[in-house]
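Residue numbers (the working numbering): 8 to 297.
As structure tokens, then:
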């Protein structure tokens with residue numbers, strides 16, 4: 008088989024450990040065989056994001072194809088069923104057929120919400136329900152209250168101006184800014200773009216606010232268009248949202264679309280097409296209810 012077979016318990020224990028460490032992996036299970044095959048149904052192997060393999064489904068070309076499919080499944084986030092003809096020369100000589108089911112096991116997407124006002128609270132509920140692991144940050148202890156934000160994974164009282172020095176942000180992290188003041192918003196957005204690799208930085212506000220922020224970010228922070236492309240503002244899909252729950256749903260829908268790779272990932276170029284008017288119900292509602 009080319010690698011020592013290990014028990015299912017070891018494979019599953021490694022899977023659990025990697026999930027606890029928020030490390031993507033994929034589980035490959037040999038579910039069906041026909042004819043001569045190098046292993047029997049039920050054999051399992053775990054593939055890490057780096058390509059490390061724990062366990063075996065028979066080695067050789069079958070395992071090589073399954074590993075490639077596992078890497079693709081982690082990239083797409085979608086399960087795959089792999090059919091392998093083990094009689095196809097020159098790679099195979101067994102003469103049988105094998106079916107491998109591959110399940111990507113990915114950490115839940117992370118969302119950081121700056122601002123625990125009405126919009127932040129509603130977004131916390133919507134995003135958590137959609138499967139995001141939500142961290143809510145606010146400077147005000149009376150708003151950053153776990154008793155209020157019961158769906159949040161973490162609730163932190165931090166200064167907006169320095170909040171990211173206390174947070175771990177990866178390229179897969181989503182950030183939404185919904186503080187109660189323009190200067191707070193600017194401090195959060197400035198840090199998020201200049202000091203983190205977050206793929207999505209969303210800002211509640213109007214097109215006029217977007218223009219002002221882009222001008223400041225270019226002039227004061229010297230940020231280029233590649234970096235600014237991660238800024239999504241006005242945030243959320245244009246569904247005519249007015250109330251905080253509706254605003255949260257519009258933002259949540261955009262997060263889901265990006266998470267599922269079903270949307271334009273360039274916020275700088277696409278904001279005008281998705282954006283709302285400079286003076287509209289969403290802007291008035293968000294300004295009053297954050």
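For every residue, glycine included, the Cβ atom is placed at its ideal position computed from N, Cα and C.
If you check the beta carbons only, do residue i and residue j fall under 7 Å apart?
i: residue 181; j: residue 118; result: yes
i: residue 73; j: residue 35; result: yes
i: residue 302; j: residue 196; result: With the chain covering only 8 through 297, there is no way to say anything about residue 302.
i: residue 159; j: residue 263; result: no
i: residue 198; j: residue 171; result: yes
i: residue 120; j: residue 91; result: no
i: residue 122; j: residue 186; result: yes
i: residue 178; j: residue 206; result: yes
i: residue 69; j: residue 62; result: no
Work out the CA separation of residue j and residue i for me, nearest whole Å.
i: residue 17; j: residue 64; result: 14 Å
i: residue 286; j: residue 115; result: In this prediction, residue 286 scores a pLDDT of 35, lower than 50, which makes its location untrustworthy; the coordinate-derived value is nonetheless stated afterwards. Distance between the alpha carbons of residue 286 and residue 115 is about 35 Å.
i: residue 21; j: residue 250; result: 45 Å
i: residue 241; j: residue 45; result: 56 Å
i: residue 59; j: residue 213; result: 47 Å
i: residue 228; j: residue 23; result: 42 Å
i: residue 104; j: residue 84; result: 26 Å
i: residue 217; j: residue 164; result: 27 Å
i: residue 130; j: residue 226; result: 31 Å
i: residue 153; j: residue 248; result: 27 Å
i: residue 239; j: residue 208; result: 6 Å
i: residue 26; j: residue 230; result: 35 Å
i: residue 183; j: residue 57; result: 30 Å
i: residue 268; j: residue 261; result: 11 Å
i: residue 276; j: residue 232; result: Because residue 276 sits at a pLDDT of 46, beneath the cut-off of 50, its placement in the model cannot be relied upon, and the following sentence gives the value as read from the coordinates. Answer to the nearest angstrom: the Cα atoms are 9 Å apart.
Quick one: measure Cβ to Cβ for residue i and residue j, integer angstroms, because I've assumed they're closer than 8 Å.
i: residue 38; j: residue 106; result: 5 Å
i: residue 202; j: residue 111; result: Between residue 111 and residue 202 the Cβ distance is about 30 Å, and since that is not below 8 Å, they are no contact.
i: residue 2; j: residue 77; result: It is not possible to answer for residue 2, since the shown part of the chain is limited to 8 through 297.
i: residue 221; j: residue 235; result: 6 Å
i: residue 31; j: residue 89; result: So it is not a contact: roughly 18 Å between Cβ atoms.
i: residue 237; j: residue 265; result: With a Cβ gap of about 11 Å, residue 237 and residue 265 do not count as contacting.
i: residue 141; j: residue 134; result: 5 Å
i: residue 86; j: residue 79; result: No, residue 86 and residue 79 are not in contact; Cβ-Cβ is about 11 Å, not under 8 Å.
Between which two residues does the beta strand (DSSP E) harbouring residue i extend?
i: residue 40; result: 32 to 41
i: residue 55; result: 51 to 55
i: residue 1; result: Residue 1 lies beyond the range of the chain shown here (8 to 297); nothing can be said about it.
i: residue 182; result: 181 to 184
i: residue 161; result: 161 to 164
i: residue 246; result: Taken as a continuous stretch (DSSP letters only), residue 246 belongs to no beta strand (DSSP E), as it is neither H nor E.
i: residue 130; result: That residue, residue 130, is in no beta strand (DSSP E); its alpha helix (DSSP H) goes 125 to 136.
In the DSSP assignment, find the unbroken alpha helix (DSSP H) run with residue i in it and report its ends.
i: residue 196; result: 189 to 202
i: residue 241; result: Per DSSP, residue 241 belongs to no alpha helix (DSSP H) and is neither H nor E.
i: residue 111; result: Note, residue 111: premise wrong, no alpha helix (DSSP H); beta strand (DSSP E) at 104 to 112.
i: residue 233; result: 232 to 235
i: residue 225; result: 214 to 227
i: residue 70; result: 67 to 83
i: residue 259; result: 251 to 266
For residue i, decide whether its Cβ has a neighbour in chain D, counting only Cβ atoms nearer than 7 Å.
i: residue 153; result: Absent from the structure: chain D. Only one protein chain is present.
Item to check | Contact between the segment 247 to 265 and the segment 122 to 131 (3+ Cβ pairs under 8 Å) | outcome: yes
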